[in-house]
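Quick note, the sequences are listed as chains A and B, same order.
For the first sequence, numbering that gives the first Met the number 0 gives the first residue as 0, with consecutive numbering after it.
For the second sequence, numbering that gives the first Met the number 0 gives the first residue as 0, with consecutive numbering after it.
Glycine included, each C-beta is placed from N, C-alpha and C at the ideal position.
What follows is a short report on a single structure.
There are 2 protein chains.
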Amino acid sequence: MGKIRENIICTNGKKRAEKLIEETTDKKPLFLCVGGTTETAKIPGLSMAGKNPEITDYTPTADLEIITQGKPITIEDVPATPQGIPTPALLTKSALDLAKTPKLPVNAGMKVKPSTPIIEVNEDSGNSILEKIAVKHPEQIYKNAEKTGKALAKLADYLIIGETTPGGTTTALGVLKAMGVNAENKISSSMPDNPHEDKIKTVKSGLKNSNLDTGDLQRKPMEAIKTMGDPMLPAVAGLASGSAKFGPTILAGGTQMTAVLKILAEKDRDITENISIWTTRWILEDKSSNIVELIKAIRDIPLLAVDIDLSKSNYYGLKAYEEGFAKEGVGAGGTLIETILKTKVNESAMIEKIEQNYEKLVK
Amino acid sequence: MGKIRENIICTNGKKRAEKLIEETTDKKPLFLCVGGTTETAKIPGLSMAGKNPEITDYTPTADLEIITQGKPITIEDVPATPQGIPTPALLTKSALDLAKTPKLPVNAGMKVKPSTPIIEVNEDSGNSILEKIAVKHPEQIYKNAEKTGKALAKLADYLIIGETTPGGTTTALGVLKAMGVNAENKISSSMPDNPHEDKIKTVKSGLKNSNLDTGDLQRKPMEAIKTMGDPMLPAVAGLASGSAKFGPTILAGGTQMTAVLKILAEKDRDITENISIWTTRWILEDKSSNIVELIKAIRDIPLLAVDIDLSKSNYYGLKAYEEGFAKEGVGAGGTLIETILKTKVNESAMIEKIEQNYEKLVK
C-alpha cells in the first residue's frame, strides 16, 4: 500500500491525490458530522454500533455530543460494540482537539436529538429497508443539504464530511445493489467477523418487498435511497454536491461513502472531480470488504487512509481497532488525516491524545 | 447626525466606530438570522409584524425562507404590516444578494419551522410575558448559542447577527424594565404610531404576575428573560458572546438589540468591547423611541445606521419606510452597512436591487 506522506496511505487516484494533498495542507477546513438513525439498524445481526440493537438510536446522538460537547450527554456511556470497543468518535474528537478544527453537527434524521446546537436538514429517522419506503423524502433532504453545503463551503477552505449511522453499511449495500454496483462481500462492518450473509439476505428481502431487481435503479439515486437507503446518504451527498462546486470535498468514512459516491456520480458526474474519500488503514486491511475495488467500479477518485498503529496502545479498547473492531466512523480517518496535514503532529502524539480521551471518557 | 462614511451614520462610540469600520471593510463576515416566536406577539395591539396577530407565528418562518431560499415557501405571501408594508427581509435579501454574504438561519424557538436547513439552538416557542414563565430554559439556549457562536466565529472574519421576532419590542421592554433600565417610551415599533401604552401596560401586568418590581432582576439577565423575555434574546446574546471572544460582533437590529446589550453587559462586561449595533436611519429618526439614549444608559458601544432614502422609490410599500413603517428587522440595517463596506455600491444601486426584489416578491 503506497505511502504518500508520513502516516498517510494512498491507494486510488494517486496523481490527483498529490494535488489534493497540496491543496489541503496547512488549510482551514470545516468538519461536518452527519447523524442519522434507521429501523434497519435494529434488524438482528446487522449493526454492532451499540451494546444491543435498540440502543443504536442513541449512538449518533452520543457521537455528535462527544465531538461537539466533549462527552456523551443524553446517555451516560460512550457508545461501544457489544464487546465494549468504543466508538471511533474518540479518534475524531482527538483529531479535532489536536488540529483545533471547527466542526458542526448535522441532523439528517435522528430518533433522539443530541443536546447540542445542530444544523437540521431533516427530522425523520429512517424506516427499515424491509418496508416499501425506507426514507420518505430523499430529494428534499438532498436539496436542503446541498444549500447547506454551498453556504458552508464559502466559510472554509474545504469541507470534510463524516457520518454516524448505525446499520449504515447494510443500507449502503442496499443502495449500491439497487443501483447495479456489485457490492456484495465488499461492504465493511464494525466487526472483524463481517455478517455478510445477514446483510445480503436483508437487502435481497428489501429489494423483493419493493418489487426491485439488482440494478433496476441504476440512474435513479433518489429512488434507490427511498427504497433501500438511510437519511444520512442524501444528506452527505447533498452537502458534498453543494461544497464540491467550490473546491475539494472530503467524504470521511469507509465503504458507506462509496454509496454516496455512486449517488453523486449519477446526480452530477462532473462534481466527483472534487470529491475524495479519506478513511483509515483498518478499512483498507479489512479482508472481508474491498473499498479499493468499489471505488474503482464507481469512479476512481483519490482514496487516502490514515496509518496509525493502535497495537502500541496501552488499552485493549483501542488495540482492538487493529483486530478489526470499529475500524472507522464519525469521520475518524478523515479528521486524523487533516490533523497530520495541518499540525504535522507525529503518530505517538496522536495515540497519546486518543489515549487521554479514552481515559477521560471510557475508563 | 454624524456621517462616518457615504450612506453610513454614526451616533455613539465614534472613536471606536472608526476602528471598527477599518476592521470590517473588505472583510468576509457571516450573517446569522435568528428566528423566534412568542404568545406575547398575539396580545392585541402589540405586534404589527403580520396582517393579524395569529399570523405572526409565520412571519419569522417566511423571513428566514426569503433570505435563504429567495422567497416565502411555507406561506404564499411576503409578511407585511396590516397596511401592506412588506417585511425588511426584502432589504436584507437585497443586501445579501449584492454583497454575496454567506448566511445561516438559526432557530431560537419557532412555532412553525421554516422550509430551509437551519441551526437549531432551541425548539420551544415562547409563552406570553403575562404568564409566570415566558421562556423555559434561557440559560440552555444561551449556552447552546454561545457554542454555536464560537464555532461559527472561526469560519468568518466577523459575525453579523440579525433577528426576526414578532412582539420583540415588548419583550425587550420587559427585560430592560426587569433589569432596571429606564426604557419606557424609548423602545421602537414597526408602526409610525408606537403603541407605548399597550406595551407598558402589558409589561407592568407581566411584572406583577411574576411578583416583580422594576429593577428586581438587575443582575439576573437569565431570570429577566425567563419571566419577561422571548427565546430570541438568549440566542442572540449567546451567539454574540461566543463570537465576541474572537473579534468584532455586530448586533444587527433596532431597540430590541439594546436588551441583548444589557444581557451581555451583565453576563460578561468585557465582551461588550467587541460588540456594536448596526441599524437603519429610520430607527434613529423615530421620535417615538430613543436607541441612542438606551445605548448610552447601558454601555456606550458604537452605533451605526445605514442611510438610504426610500422616498425616491417608485413603490409605496418601500416609500412607507420613510414614514416610519417597518423601519428595521431581519438584520436589514446591518447587512446593508456590510454591503456598503464590502462592495462600495452606491445608494441608487441598493435601491434598485431592493425594488427588483419588491417587484419579484411583493407585486
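With H, G and I counted as helix, E and B as strand and the rest as coil, what does DSSP make of residue i?
i	result
B/THR102	The residue you asked about is not Thr; residue 102 of chain B is Lys in the sequence shown. Three-state DSSP puts B/LYS102 in a strand.
B/ILE186	coil
B/LEU158	strand
A/VAL33	strand
A/LEU250	strand
B/GLU72	Note on identity: in this sequence residue 72 of chain B is Ile, with Glu being the wrong assignment. In this structure, B/ILE72 counts as coil in the three-state DSSP scheme.
A/PRO364	Outside the displayed range of chain A (0 to 362) lies residue 364 of chain A, so it cannot be described from this structure.
A/ILE339	helix
A/SER275	strand
B/LYS112	coil
A/THR67	helix
A/GLU354	helix
B/GLU119	strand
B/ALA144	helix
B/PRO78	coil
B/GLY125	strand
A/THR58	helix
A/PRO191	coil
A/PRO85	strand
B/THR163	strand
For a contact meaning CB atoms closer than 7 Å, what does residue i contact in chain A?
i	result
B/THR147	PRO116
B/LEU29	LEU154
What are the boundary residues of the beta strand (DSSP E) that residue i is part of?
i	result
B/LEU45	From DSSP, B/LEU45 is part of no beta strand (DSSP E); its letter is neither H nor E.
B/ALA304	302-305
A/ILE7	7-11
B/GLY402	Coverage of chain B is limited to positions 0 through 362, which leaves residue 402 of chain B absent and any answer about it impossible.
A/LYS2	1-4
Who are the neighbours of residue i on chain A, taking C-beta pairs under 8 Å?
i	result
B/PRO81	Those within 8 Å of B/PRO81 in chain A number zero; the least Cβ separation is about 32 Å.
Kindly list, in the order they appear in chain A, the residues whose Cβ is closer than 9 Å to that of residue i.
i	result
B/GLU119	ASN106, LYS112, PRO116, ILE117, ILE118, GLU119
B/LYS102	ALA150
Note down, in chain order, each residue of its chain lying with its Cβ closer than 8 Å to the Cβ of residue i, except the 5 sequence neighbours on either side.
i	result
B/GLU354	SER312, ASN313, TYR314, LEU317
B/ASN51	PRO81
A/ILE300	ASN11, GLY12, ARG15, LEU260, THR271, ILE274, SER275, ILE276, ILE294
A/ALA155	LYS27, PRO28, LEU29, PRO101
B/ARG4	ILE20, ILE339, LEU340
A/GLU22	TYR157, GLY246, PRO247
B/ALA239	GLY148, LEU158, ILE160, THR248, LEU250, VAL259, LEU263, ILE270, ILE274
B/ILE132	ASN126, LYS225, THR226
Which bits of chain B does residue i rub up against, with CB to CB less than 8 Å?
i	result
A/ALA155	LEU154
A/ASN143	THR115, PRO116
Who are the Cβ neighbours of residue i in its own chain at under 7 Å, not counting the five residues just before and after it?
i	result
A/GLU327	PRO87, GLY252, GLY253, THR278, THR279, TRP281, ILE282
A/GLU322	PRO191
B/MET109	GLY34, GLY35, THR36, PRO59, THR60, SER124
B/ALA258	ALA171, VAL174, LEU175, LEU232
A/LEU216	ALA177, MET178, GLU222, ALA223
A/LEU211	ALA177, THR226
Identify the contact partners of residue i in chain B, using a Cβ-Cβ distance below 7 Å as the criterion.
i	result
A/ALA88	Ordered by position in chain B, no residue passes the 7 Å Cβ test against A/ALA88, which lies about 17 Å from the chain.
A/LEU206	In chain order: nothing, as chain B lies at least about 31 Å away.
Following the continuous alpha helix (DSSP H) through residue i, name the residue where it begins and the one where it ends.
i	result
A/GLY328	Counting along the chain, A/GLY328 falls outside any alpha helix (DSSP H), and DSSP gives it neither H nor E.
A/SER204	195-208
A/ALA133	Element bounds for A/ALA133: n/a, residue is neither H nor E.
A/TRP222	Rather than Trp, the amino acid found at residue 222 of chain A in this sequence is Glu. That run of the alpha helix (DSSP H) goes 220-227.
A/TYR315	315-318
B/ARG280	280-283
A/ALA107	No alpha helix (DSSP H) holds A/ALA107; DSSP gives it neither H nor E.
A/ILE297	290-297
B/THR24	Neither: B/THR24 is in no alpha helix (DSSP H) and is coded neither H nor E.
Counting only the same chain and skipping the five closest in sequence on each side, list residues whose C-beta sits under 6 Å from that of residue i.
i	result
B/ILE290	THR254, ILE282
A/LYS149	GLY241
A/ASN121	ALA107, GLY108, ILE140, PRO230
A/SER46	ALA40, THR55, PRO165, GLY166
A/ALA234	VAL33, ALA107, VAL120, ILE140, ALA144
A/GLN68	THR115
B/GLY214	GLY179
- Message: Does the structure place the segment 322-333 of chain A close enough to the segment 267-283 of chain A that three or more beta carbon pairs sit under 8 Å?
- Response: Yes, the segment 267-283 of chain A is in contact with the segment 322-333 of chain A.
- Task: Could you tell me whether the segment 108-118 of chain B touches the segment 135-151 of chain A, using the rule of 3 or more Cβ pairs below 8 Å?
- Result: With the rule of 3 Cβ pairs closer than 8 Å, the segment 108-118 of chain B counts as touching the segment 135-151 of chain A.
- Query: Are the segment 193-206 of chain B and the segment 266-273 of chain B touching by the rule of at least three beta carbon pairs closer than 8 Å?
  - Reply: Not touching, per the Cβ criterion.
- Task: Report yes or no: do the segment 98-107 of chain A and the segment 38-55 of chain A share at least 3 C-beta pairs separated by less than 8 Å?
- Result: Output reads no: the segment 38-55 of chain A does not touch the segment 98-107 of chain A.
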